[in-house]
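Protein chains in written order, with this note's numbering: chain A, 66 to 267; chain B, 66 to 267.
Accompanying notes for the structure given below.
Number of protein chains: 2
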Amino acid sequence: MTVDKTDLTDKQKKVLDFIRQRIGERLPPTIREIGEALGFKSTGTVRDYLKALMQKGLVKRMNNKSRAIELTERASFNKIPIIGTIMAGKPNLAYEEIQGYVDADDLFLGRLGFDDVFALRVKGDSMINAGILDGDIAVIKKRPDAGNNDIVAALLDNNEVTLKRLRSKAGKYHLEAANSNYPPIFEEFKVIGKLITVIRKY
Amino acid sequence: MTVDKTDLTDKQKKVLDFIRQRIGERLPPTIREIGEALGFKSTGTVRDYLKALMQKGLVKRMNNKSRAIELTERASFNKIPIIGTIMAGKPNLAYEEIQGYVDADDLFLGRLGFDDVFALRVKGDSMINAGILDGDIAVIKKRPDAGNNDIVAALLDNNEVTLKRLRSKAGKYHLEAANSNYPPIFEEFKVIGKLITVIRKY
DNA sequence: TGACAAACCACACATTTGTGTGGTATTTTG
DNA sequence: CAAAATACCACACAAATGTGTGGTTTGTCA
């Protein structure tokens with residue numbers, strides 16, 4: 066019986082979000098800080114919530130230690146999910162085939178809302194002349210202000226997601242590989258997001 | 066009057082390192098946790114150290130809040146300093162011309178000792194065929210186990226630091242660019258470190 | 001020499017923080 | 001319907017934690 070994030074009640078989500086926010090900002094909160102922030106007048110109330118979140122496996126704690134609240138990986142939003150690979154993407158980017166996580170940090174991502182950011186593992190050599198290699202991690206920002214010459218993740222008609230450079234010619238956009246072996250794409254496509262960071266590990 | 070890290074005494078460095086370690090692992094420590102870890106029998110001792118570190122601008126605190134110890138950017142080792150540029154490096158990698166910081170995280174770097182890791186901004190196109198472009202950030206691990214075919218940061222005789230691929234031929238090592246416009250380097254050189262990560266921000 | 005900083009200690013005290021017990025009311029579920 | 005979960009509260013208590021005062025010793029610097 067796996068526990069799903071959707072098992073959480075709205076209020077439990079709010080508590081979890083607050084903890085996540087505080088951990089991201091600085092420090093995990095104390096029980097009373099949680100209560101004050103969310104309007105609970107009793108520490109017992111907060112403890113009830115923490116108990117629920119622990120039972121659902123989203124939170125870990127240490128006894129008798131102040132602020133010793135941790136998010137489990139499942140609950141953590143410091144980690145951007147790596148969804149599928151760029152050449153074999155799904156039309157909707159459901160968090161179904163998460164391959165792993167990339168740690169996001171403000172310095173890399175400029176303090177973005179994590180909801181709008183995800184990462185894809187690049188497959189293939191179609192962007193090789195832009196210095197993007199097979200196996201690289203492409204960090205993409207959704208619903209972007211993508212414009213001419215930006216590198217974008219685009220959804221094609223055949224439900225493939227591909228990373229290409231966006232070009233405009235005579236008012237019409239098309240996609241261009243950075244590899245002369247690949248022809249430009251003039252078919253219908255939808256821009257999913259804009260490439261903001263590339264990471265390669267050796 | 067700028068404060069330099071070298072202003073710190075050895076003991077102060079140890080305290081700072083411990084705080085940094087704990088923040089990286091999980092939570093900032095309490096005063097007593099610092100004392101226990103470093104063998105101080107009095108909370109007053111630890112407070113003296115925190116006071117010194119605060120005066121030197123390396124640490125910030127909040128009053129009456131448990132574990133409310135923060136490292137300032139200058140002291141933070143979650144941030145890897147970007148030292149100079151790869152083409153204009155200095156023979157000793159003193160932390161003198163730090164251009165900025167890169168956030169390191171275990172997921173990117175695999176929980177390395179930060180002392181051994183630094184970053185360089187790549188200048189030039191000599192590694193372009195390895196997908197390393199002008200302006201990229203190259204994360205380097207010092208004193209490495211670099212071997213044949215690894216990309217390394219190497220110190221040349223003319224005191225330049227350069228990023229190249231290490232090649233062995235007939236038992237002798239030389240450096241090779243990933244760009245046919247640049248000839249291989251057979252002169253004397255010293256391997257400083259090995260490339261472990263490349264980061265590119267758009 | 002005297003002033004000062006570094007590097008410690010002891011200990012009392014205030015405040016913060018976590019824990020535990022025992023409630024009430026409402027909603028969900030078998 | 002009864003049981004369980006959710007969603008709260010009050011309050012006492014213990015433990016953890018930060019603060020403050022007042023020391024000692026050692027070495028450096030002017």
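Beta carbons: idealized from backbone N, C-alpha and C, even for Gly.
If you're wondering where the values come from, they're calculated on a predicted model, not measured in any experiment.
Check	Outcome
Apart from the five residues just before and just after Ile257/A, which ones in its own chain have a Cβ nearer than 8 angstroms to its Cβ?	Leu158, Ile205, Lys207, Val217, Ala218, Ala219, Leu220, Val226
Pick helix, strand or coil for Tyr247/B, following the three-state DSSP scheme.	coil
Any C-beta of chain A sitting closer than 9 angstroms to the C-beta of Ser131/B?	yes
Report the residue ranges of all beta strand (DSSP E) runs contained in full by the region 67-131 of chain B; include only those spanning at least 3 residues, in chain order.	124-126
Among Gly122/B, Asn213/B, Phe83/B, whose alpha-carbon lies nearest the alpha-carbon of Gly104/B?	Phe83/B
Strictly under 9 angstroms for the Cβ-Cβ distance: is Ile216/B near chain A by that measure?	yes
Suppose the cutoff is 6 angstroms on Cβ atoms and the five residues either side in sequence are ignored; what does the same chain contact list for Asp215/A look like?	Leu231, Lys259
Does the region 118-136 of chain B come into contact with the region 130-138 of chain A, if we say contact requires no fewer than three beta-carbon pairs (one atom in each stretch) closer than 8 angstroms?	yes
Compare the C-beta of Lys188/B with all C-beta atoms of chain A and state if any pair is closer than 9 angstroms.	no
What residues from chain A crowd round Ile264/B, counting only those whose CB sits closer than 9 angstroms?	Phe173, Thr262, Val263, Ile264, Arg265
Per the DSSP calculation, Ala219/A is bridged to which residue(s)?	Thr227/A, Val256/A
Taking 9 angstroms as the threshold (C-beta atoms), are Thr137/B and Leu115/B in contact?	no
Report all residues from its chain with a CB closer than 6 angstroms to the CB of Glu161/B; omit the five preceding and five following residues, and keep chain order.	Residue placement at Glu161/B cannot be trusted, given a pLDDT of 32 that sits under 50; what the coordinates show is reported in the next sentence. Correct list: empty, nothing qualifies.
Keeping to the same chain, check which residues put their C-beta closer than 7 angstroms to that of His239/B; ignore five residues upstream and five downstream.	Arg232, Pro249, Ile250, Phe251
Closer than 9 angstroms between beta carbons: that is the criterion. Which residues of the region 89-115 of chain B meet it against chain A?	Arg91, Leu92, Pro93, Thr95
So is Glu135/A in contact with chain B if we call contact Cβ pairs under 9 angstroms?	yes
On the DSSP bridge list, what partners appear for Tyr238/B?	Ser233/B
Tell me which same chain residues have a C-beta within less than 8 angstroms of the C-beta of Arg211/A, skipping the five on either side of it?	Note that residue 211/A corresponds to Ala in the displayed sequence, not to Arg. Cβ within range, chain order: Val217, Leu231, Val256, Gly258, Lys259.
Three-state secondary structure (DSSP) at Ala195/B?	helix
In whole angstroms, give me the CA-to-CA distance for Ala243/A and Ile202/B.	21 angstroms
Are the C-beta atoms of Asp75/A and some chain B residue less than 9 angstroms apart?	no
So which of Lys121/A, Gln120/A, Pro94/A has the shortest CA-CA distance to Thr108/A?	Pro94/A
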